[in-house]
């Protein structure tokens, strides 16, 4: 992939492992949240600054397709990018790789922009949208969803 995404590695710890000795499926959702927060920080929208911005993203859907199990002591590489930036919502895409760089899971997440004042959908301006443009990768890898 190119520079239009967030990418980082995390270790797999014992508390990530389920009774089948694999990384539990809910851990992938937690990793998506970490990636989304890192993207927001890189765009200048760290969680602690959202009150001043006047809006936030509320996750409305998360879809994950699991391809391969991961186990203890592995390392996950997480890639996240914006597939589609809309006026009141955003569609994120992500992929997870194991230590051998094999694809283990992929998916999408949709979030709705919401006004902190009214709790209603919020239409972001071109100025508010601009910091996220560098993460938009319309022709990125197909996540199968």
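Residue numbers (this note's numbering): 2 to 146.
Glycine included, each C-beta is placed from N, C-alpha and C at the ideal position.
Quick caveat, the model's predicted, so the values are computed rather than measured.
Straight-line CA distance for residue i to residue j?
i          : j           : result
residue 73 : residue 135 : 34 Å
residue 98 : residue 15  : 18 Å
residue 1  : residue 30  : Because the chain here runs from 2 to 146, residue 1 falls outside it and cannot be looked at.
residue 87 : residue 106 : 25 Å
Check whether the Cβ atoms of residue i and residue j sit closer than 7 Å, and answer yes or no.
i           : j           : result
residue 13  : residue 75  : yes
residue 100 : residue 64  : no
residue 9   : residue 58  : no
residue 68  : residue 104 : yes
residue 93  : residue 79  : no
residue 89  : residue 121 : no
If we count the other Cβ atoms within 10 Å of its Cβ and call it buried at 16 or more, is residue i buried or exposed?
i           : result
residue 139 : exposed
residue 48  : exposed
residue 96  : buried
Going by DSSP, name the residue or residues bridged to residue i.
i           : result
residue 78  : 10, 98
residue 61  : DSSP, once it has assigned bridges, lists no residue as partnering residue 61.
residue 122 : 115
residue 50  : DSSP output for residue 50 lists no bridge partner at all.
residue 86  : 91
residue 24  : 18
residue 106 : 67, 97
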